[in-house]
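Reading through the structure tokens given below for one structure.
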Amino acid sequence: YVGISKYPPELQQRCYDILKEAHVPCLLSQYRCSMFDPKAKMNNFQIAADNGSGIICFSPLAQGLLTGKYNNGIPEGSRAAWSTGFLQQSQVTPERVEAVKKLAVIAQERGQSIAQMALAWVLADERVTSCIIGTSSVAQLESNLAALDHLTFSEEEMERINNIINTPLLWF
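Just so you know, we're using my numbering here: the sequence shown kicks off at 1257 and counts up by one.
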């Protein structure tokens, strides 16, 4: 058994074809996916599902942006405060911060934190097997796991969320 990670759609299908020819099942396909990075959801998820591969998402909280921790600037010691890494200060844009604040209103109405709702949004896709979360404390882990208590979204909630996030300006 094998898994693949981050292939563009045309190479993703080629991988599945090669593996199928070799009689090696691809059990898992790993892609970055969040409300601010839905490209894999749009381009890769169905290809994986059509080929019998589960999907595991990494960075479902957009490197912490979808937790609200950057709503009032860049905290000292945070990922965006580092000079290197996956989240740069330039990526903490006013547009993304404003979107997080709008999403947090919906999350609060659902009885969730913005982080819990962002995780639920990723996990609500039936093609997703799991997502990778990084935590810095047991309390943060427990809070993130509480997302599992409310994974479903009403049509109205999804419409409101999509009206906020369906803006390529927000996407990584």
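Yeah, the Cβ is synthetic: ideal placement off N, Cα and C, and Gly gets one too. Computed from a predicted structure; not experimentally measured.
Residue i versus residue j: straight-line alpha-carbon distance, rounded
i: L1426; j: A1278; result: 40 Å
i: R1416; j: Y1272; result: 36 Å
i: T1349; j: A1336; result: 11 Å
i: R1383; j: M1298; result: 12 Å
i: I1312; j: Y1287; result: 7 Å
i: D1293; j: Q1269; result: 21 Å
i: L1322; j: N1307; result: 31 Å
i: K1325; j: K1357; result: 11 Å
i: A1355; j: V1280; result: 42 Å
i: I1303; j: I1274; result: 14 Å
i: G1329; j: K1276; result: 48 Å
i: N1400; j: Q1347; result: 23 Å
i: T1391; j: A1403; result: 14 Å
i: G1341; j: N1418; result: 28 Å
Three-state secondary structure assigned by DSSP to residue i
i: S1399; result: helix
i: I1388; result: strand
i: A1278; result: coil
i: Y1272; result: helix
i: T1423; result: coil
i: E1332; result: coil
i: T1323; result: helix
i: F1409; result: coil
i: V1356; result: helix
i: V1361; result: helix
i: R1383; result: coil
i: N1300; result: coil
i: S1346; result: helix
Per DSSP, the bridge partner or partners of residue i
i: Q1286; result: S1261, I1312
i: D1293; result: S1290
Beta-carbon proximity check, residue i vs residue j, cutoff 9 Å
i: A1371; j: M1291; result: no
i: G1259; j: S1315; result: no
i: A1318; j: F1409; result: no
i: C1387; j: C1289; result: yes
i: H1406; j: R1366; result: yes
i: S1285; j: Y1257; result: no
i: N1300; j: P1331; result: no
i: A1360; j: N1327; result: yes
Whole-number beta carbon distance between residue j and residue i, since they are thought to touch under 8 Å
i: Q1368; j: A1376; result: 7 Å
i: S1339; j: G1320; result: Their Cβ separation, rounded to whole angstroms, is 16 Å, which puts S1339 and G1320 out of contact at 8 Å.
Test: residue i CB closer than 9 Å to a CB of chain B
i: C1271; result: Of the protein chains in the structure, only one exists, and it is not chain B.
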